[in-house]
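Notes follow once the structure below has been shown.
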Amino acid sequence: MSNPYSQPPTGLSDQQTARMALQQQARSGPGSDLGRGLGPGRHGGPGEPGTNASPVIDLTGSNDEDDEDLESSRPSKRLRIDTKGHDEIARILNAGVRLVQGASDDVNDGKNAEVTDQNIPFVEIERPPASFQDQLAYISVDGGGQQPQSSSSPLPLPPRPRRSLFMRDKTETAPEDDEQEYMAVQTTPYTMEKPAAAARLADNTILDFHPWTGNHPEDALNEQTAKQGFYDRIQLSQNESNTARPSLYAHFKNPNGLKALSHIFAAALKRRQAMTKVTPNSTFKPPPRVTLTDNKREAWLRDLANPSVPLRRLSRTIPHGIRGKILLDQCLGKNIPIGRAIWLAKCVGANEIRAFKRKGTAATIASGLETKWVKDWTGSVQQFLEGVVQSHEDAGWIENQAYAMRLSGRLFLEQLLDQDAYLEWFLGSLHASNLDMLLVWLSTIGVYWKNLTSYRKRGRRLAQTLLDKLAWALNVNRSAVLNPLITRLQSLIRSFITSYPSSFILPLTWSQHQKALTACFNTTVPLETAILAQLIARNARLSRISPQSAINSPQSIPRPAPQQLISLLDAPCASNGFPLLAAKCLALPLDHRTLIHTLLEWSSTPFRYGCARIYASARLLRRWRKLSIDTDAHILSFLAENSKYSARQLDNAYHLVSELVRSHSFSVGKYLEWLMARGAVRCPEMSGQYLTADVELLRHLPSSRLPEHIWNLRNTLLSRAGVSVDAEARQIRQIKTDLLQRHSDIFVGHVGTIDTEMMDGDIDWASLSWTVKSEISHWIREQVALKLRAQAQVQNQPSGNATAQETASMIKPGQFYFLRYILERMGDFSILADVLKLLSQSSNPTVLASVTDTLNHHLPSFTAIGATMDLLQSFAITYSKLSKTEAHVQDLIVSLLDVAIVIPSEASTVAVLRRDLARYDKKSAMAASSPVSEHMADTLNPVNPTFGGMLDQLLASGNCMDDATLMRIFDLLIQKLETGKADISITSSEAARYLAQLRLFNPKTFDGLMIKRVIGMIHTSPRPKLSHFLPPLIGVGCITLPAFFGLVKRLLLDADKTGENNIPDVLHLRLDMLSVLALGTTDQNTVPDLVSKFTC
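Mapping to full-length UniProt numbering: the sequence shown position 324 is 324, numbers consecutive.
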């Protein structure tokens, strides 16, 4: 008779019944039914013995008598060594086995140990198994027989490699039964914990620890994964599975293949540049400042000092009240890393500057406030450094001093300080330090070395300071204690002299520093001996001729008052320093007659150069005239004492008087009365007789500011002296007619008479009288003002053709060059200043840059006139407007920098211009490298009228160029400068500017080509005129005068050594070189747009 439980239960209902029975049995506890679970069918039950029957799980009862042999025959499960839950399961199951064995011994002692396959009942533990496989490791649900293996447990797994600290103890004793009665049930979700003993990388990342989350692509089961498995390798496309040589070789064989590849490569680079460019605007905002308590602020600073705390968390807010010296003290006290301290300084500074702009102030006021804040912040850094250096007696001073020096140096290199003010303070601190603290300042001099030595202004002061300290150390070094300091100073001075020898030209203090400087050199080395001898010779020569050295010398003898006056006049004077200069001159022990005569002699002497002295003398005479000094009588007495054959340059005196007449500072009526009272005006006895200086002044009086009766009296006296007044008026009309007919695009209107003839040949502007010069200058200024008024009227017209009319009425660069040439040749810089003021409103960047270069070239004259600051301010305002609309204003920025950098009061303007120039340079540097197309260079034709536009397009198409293309464009442009061919559609100045742009592509190749070209030009016959070839190249920076003259000198020396006469017409070459040096006074009209930069 078969057992009704001989087959395992099947069906959904049987499974649910079994599950409910298991749960009920598990809830009964480990002490009651843990060992039960075998049904009565095991030994036959009520019916038959069950020796051959299949074992099943009895879900309704248990037989404790037959479980002993079964549990003892099963091998114990191997424990998991990496899961805490598995250890708990093993511990509970071991306790259950002991309970089953105890019950079997009590009920069925001595029975047979042979047991058929039975299932161990499921026991609910503290936490369910982690997976289905873990559950199968402890129970069997298939009902199949399982042969007993061995009663002994298998060996544990080998220990984990690399820092494994946890090994399972096989001798661990099982807990007692009563420990299982009060087990806490885990209610929180399970989280994976990183093993503490795992291997870690440098950034504290655990090696080979990737918890399973179920979101990996490997967990997605699809057809491809089921058939081929999962792999993360990216399949290469069929086109890139082989080399590109076969596809490119066909293009190389094709004549047009290189052009096609060039197009493809340029398109790829352009596409890459477009894809890699950050198009959206920056969304970064400085972290806001909040007011925190002292404890929270200290906690925030401690977190900032902790490198493990990310800045992203700290950048949400920063504490309010940390600024200036407090910020630096906190960084030093908390030992905040330098990089994080710089970040905090930048955040605080950005918030301060943003607060200025948020107040709704004007842009100029906000800029001034920003400049003031930068100066205050620089002062805070200086105070911080001084405080750290002076606290050398405190504990930990060496570490604090090193930190403070590194922090200040990093702030300086990050350009977070006012560099000029900081360097001046550093030099002052270095000079004021004693020998004990000198090494502290010398330890950080390397950070500022380049900025200190680049300009002679600071380099000379640094050289004097180092030599003073070296002389002091040599004097007090009695016991060789200061030998390391002396060695350090000598090495520093020696390297300084090698790099920048001009900083050691010290004629004023050479007698004090010569001994210390000589101690730095090793006289046994020929090179050092030659450098020392050259320095001694230059300083000795300048010390003998320097008047300041005689003044500063302790053995100086008081000089006569006229010589002191000449020294005061020779000294450079700023525009706002004339009141002080006038007071100093009046304070000298000189009477008014001697004072004014000396001033007029200084302005008309041939041993001084330039027109600035004329305008300075006129300005001083105006000021003295306001002080009730009779300047007119002294001027007339000076002219009466100097005859026509005097060594004085009386044209300068006439120019000076004409400037005084223009400003109503000279009485022409009294002068005419003085002439008539003396009877000085008389008809000459013979033709060609020269007039005396006091009568010659009549020919140089300007007519623009004189009343009609005064002018008529002047003409009467001039006619009595034998000078034709009609010839003077006819000459003025001829010059105006000539300018109207030859330059109708600049000058408009008509002259009084119709039958006026043009001038024969070129006009000698310098030989004209100041009456004619003044009339022509005023007429030119009126013409420029008229043209600008017409331009303003066209701008206000709403018609559609206003743009063309405005372009026609604008002053073009060539027109301005011609006007500047006329005024410079006549020497009328006061009218030139008025023209520059009118043109300062121009919207043409080239015109504005040329106007600024003109101001820079004649800066002493304009400073003496008093127009420098006004002109520079007008140019800066116009630049601020143009920079918003024009993209290419780098030339204008450079020209403005050249002017502003020599004016001490324009430090803020220099800072703004340098920032703008750096921004433009940064934009150019950020551009991706793209080659200039070769086929565009092949199509260039210099005869084509559009040659300039095509060249602009070619040079703008990329920022790198191969040598062949560069050589071709170089030959086209240099041909214009050498031959001056008129068929080439660009001017010499434009060719020079294109050459300057071409040099940026490859300076090394370009310089080599230029040197070969210059050498070839020197060896050719006939040779091109150097006055046409060199000035434009020097003006744009392609050639320098010292380099050119050095090259010619070397070629001449080589020709003399070899005896070969390979340089034809050496005398003509030397004359050409002299003509280049004299270009400032001759033939400036050849390249007028570049001659100002060339002669500056």
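Every residue gets a Cβ at the ideal spot worked out from N, C-alpha and C, and that includes glycine. Bear in mind the structure is a predicted one, so any value in this text is a computation, not a measurement.
- Note that the C-beta distance between L698 and L717 is below 8 Å.
- C-alpha of W779 to C-alpha of S767: approximately 18 Å in a straight line.
- Runs of the alpha helix (DSSP H) lying entirely within the region 807-863, each at least 4 residues long, are 813-826, 829-839, 845-857 in chain order.
- In this structure the region 648-656 does not touch the region 890-905; the number of beta carbon pairs closer than 8 Å is below three.
- Taking the Cα of S989 as reference, the smallest distance to any Cα among G814, L590, P702 is reached at G814.
- In the DSSP assignment, V290 is bridged to P319.
- According to DSSP, R200 shares a beta bridge with I206.
- For the pair of segments examined, the region 273-282 was found not to touch the region 301-310: the number of CB pairs separated by less than 8 Å stays below three.
- Taking C-alpha positions only, A480 is separated from K515 by approximately 19 Å.
- Where I486 is concerned, the enclosing alpha helix (DSSP H) starts and stops at 483-499.
- Here the C-alpha atom of L882 lies approximately 10 Å from the C-alpha atom of A876.
- Distance between F496 and S502, taken at the CA atoms: about 10 Å.
- Counting every other CB atom within 10 Å of its CB across the protein chains shown gives D591 a total below 16, marking it as exposed.
- Between L466 and I493, the beta carbon gap of about 5 Å places them in contact (Cβ cut-off 8 Å).
- Annotation: A471 to H513 spans about 8 Å, alpha carbon to alpha carbon.
- Counting C-beta pairs closer than 8 Å gives three or more between the region 827-837 and the region 853-861, which meets the contact rule.
- Straight-line measurement puts the Cα of N204 at about 20 Å from the Cα of W212.
- S628 carries a coil assignment under DSSP once its states are collapsed to helix, strand and coil.
- Contact between D1072 and S1027 holds, with the beta-carbon distance rounding to 7 Å and staying under 8 Å.
- Looking at S491, Y671, L328, the one whose alpha-carbon comes closest to that of L517 is S491.
- Between Q890 and L917, the gap from beta carbon to beta carbon is short of 8 Å.
- Counting the other CB atoms within 10 Å of its CB gives R458 a total of 16 or more, which places it among the buried residues.
- DSSP, read as helix, strand or coil, puts M192 in coil.
- When the beta-carbon positions are compared, L435 and L385 stay at least 8 Å from each other.
- Counting along the chain, the unbroken alpha helix (DSSP H) around L452 starts and ends at 449-453.
- Going by DSSP, F1029 is part of the alpha helix (DSSP H) stretching over 1026-1036.
- In this structure, DSSP gives S1021 a state outside helix and strand, which the three-state scheme calls coil.
- Note that the region 284-304 does not touch the region 263-274; fewer than 3 beta-carbon pairs, one per stretch, sit closer than 8 Å.
- The continuous alpha helix (DSSP H) containing R313 extends over residues 311-314.
- Shown here, T529 sits in a helix according to DSSP, grouped into three states.
- Here A996 really is in contact with G1037; their C-beta atoms are around 6 Å apart, less than 8 Å.
- Residue state for C331 is assigned as helix, using DSSP reduced to three classes.
- In the DSSP assignment, H700 falls outside any alpha helix (DSSP H), carrying neither H nor E.
- Within the same chain, N539, S543 come within 6 Å of W510 by CB-CB distance, once the 5 residues on both sides are set aside.
- For S663, there is no enclosing alpha helix (DSSP H), since its DSSP letter is neither H nor E.
- Taking P195 as reference, the option from H210, T188, H634, T187 with the minimal CA-CA separation is H210.
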